[in-house]
Amino acid sequence: MKSDVSYTPAELLKSYIEWGADETISEEPINWFSKTDNIQIKQNSAAKTSSNTSSKSKPVSQTPLASQQEHIDMAKKLAANCKNLDELSAAILEFEGCSLKKTASNTVFSDGNVKSDIMIIGEAPGGDEDRVGKPFVGEAGQLLDRMFAAIDMKRENDFYIANLLPWRPPGNRKPTDGECELCFPFIKRHIELFEPKLIISVGGTSASTLLNTKSGITKLRGKWQEYIMSGTTVPIIPIFHPDYLLRQPQFKKQTWHDLLAIKAKIGELNID
């Protein structure tokens, strides 16, 4: 059936980017098996050459892995030099070491009350967040606001929100381990500069990265743990991501218990 809908090239390109298509294809098919064989041959040849050369050969920093490490080291250096949140925001805007920045429309830094004692840390911006430039503003963000409103909390007054990654992964895909490792120095410094008395980790990627664990969100949610920040410890609790609750509403009951635990902890810590 022929469609009556037509799109301009710009509209098609925008759709492709939103779907996560970030590479073009050629008119002729590519035999990737032969390409892999050629790469392996070159790698073996390079390994033999390397074993026969002196210590003056090219440093390991020329490899792709070292390049990733160099970007991580640069992120650590930039983050460590920041004395306040404004400087950190500017440093993230200037950082060019993460490929996600090239496909994102905006760098998403934070939202909420910067003077509060509670910090909510999500995973990464989605499509709505990428367009607006603020975390949790789409459907999942609206659910997040309703969740905390149920325990008498508003983002304008009672908590501050940031994401593990400041840039949206194409197609809203899950962030890779490499992307999380690359952006971690920034969220680590973000936490240090904000100095929260309580951290709420939203979603599995945020929880596993902040807690340095391979456990999934179903095992981590609702359990208080400690986040080490500049020699001190801060209570942290992981909860289900509201986007997950939109797809799996049967877990809202568990999340309600988690919210009640958060409310009780706030009272215990005498957080206003």
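If you read the sequence shown in this note's numbering, its first letter stands for residue 46, the second for the next number, and so on.
For glycine and all other residues, C-beta sits at the position ideal for the given N, C-alpha and C.
Considering residue i, what are the terminal residues of the alpha helix (DSSP H) in which it resides?
i           : result
residue 177 : 172-177
residue 187 : 184-194
residue 264 : 262-265
residue 292 : 287-292
On the DSSP letters alone, give me the boundaries of the beta strand (DSSP E) that residue i sits inside.
i           : result
residue 273 : 270-274
residue 180 : It is not in any beta strand (DSSP E) - residue 180 carries neither H nor E in the DSSP assignment.
residue 316 : Note, residue 316: premise wrong, no beta strand (DSSP E); not H, not E.
Of the choices the options, whose alpha-carbon is the least far from that of residue i?
i           : options            : result
residue 300 : 274, 270, 119, 262 : 262
residue 147 : 211, 255, 282      : 211
residue 112 : 129, 247, 227      : 227
residue 170 : 136, 269, 154, 249 : 154
residue 297 : 306, 285, 242      : 285
residue 151 : 242, 144, 174, 136 : 174
residue 117 : 185, 224, 182      : 224
residue 242 : 216, 192, 307      : 307
residue 303 : 213, 292, 196, 273 : 196
residue 219 : 245, 254, 133      : 254
residue 292 : 185, 158, 275      : 185
residue 283 : 177, 189, 122, 264 : 264
residue 246 : 279, 295, 313, 317 : 279
residue 142 : 231, 172, 257      : 231
residue 257 : 127, 268, 272, 217 : 272
residue 276 : 294, 309, 240, 260 : 240
residue 259 : 222, 125, 235, 180 : 222
DSSP on residue i, reduced to helix/strand/coil?
i           : result
residue 135 : helix
residue 243 : strand
residue 150 : coil
residue 164 : strand
residue 217 : helix
residue 252 : helix
residue 120 : helix
residue 298 : helix
residue 55  : helix
residue 223 : helix
residue 238 : helix
residue 112 : helix
residue 145 : helix
In this structure, what does DSSP give as the bridge partners for residue i?
i           : result
residue 306 : DSSP output for residue 306 lists no bridge partner at all.
residue 126 : For residue 126, which the question treats as bridged, DSSP gives no partner whatsoever.
residue 279 : 272
residue 205 : 157, 164
residue 4   : No answer is possible for residue 4: the residues shown for the chain start at 46 and end at 317.
residue 284 : 247
The region 205-221 contacting the region 158-169, beta-carbon criterion three pairs below 8 Å: yes
The region 134-148 touching the region 250-258, judged by at least three CB pairs closer than 8 Å: Touching, no, given that fewer than three Cβ pairs across the two stretches are closer than 8 Å.
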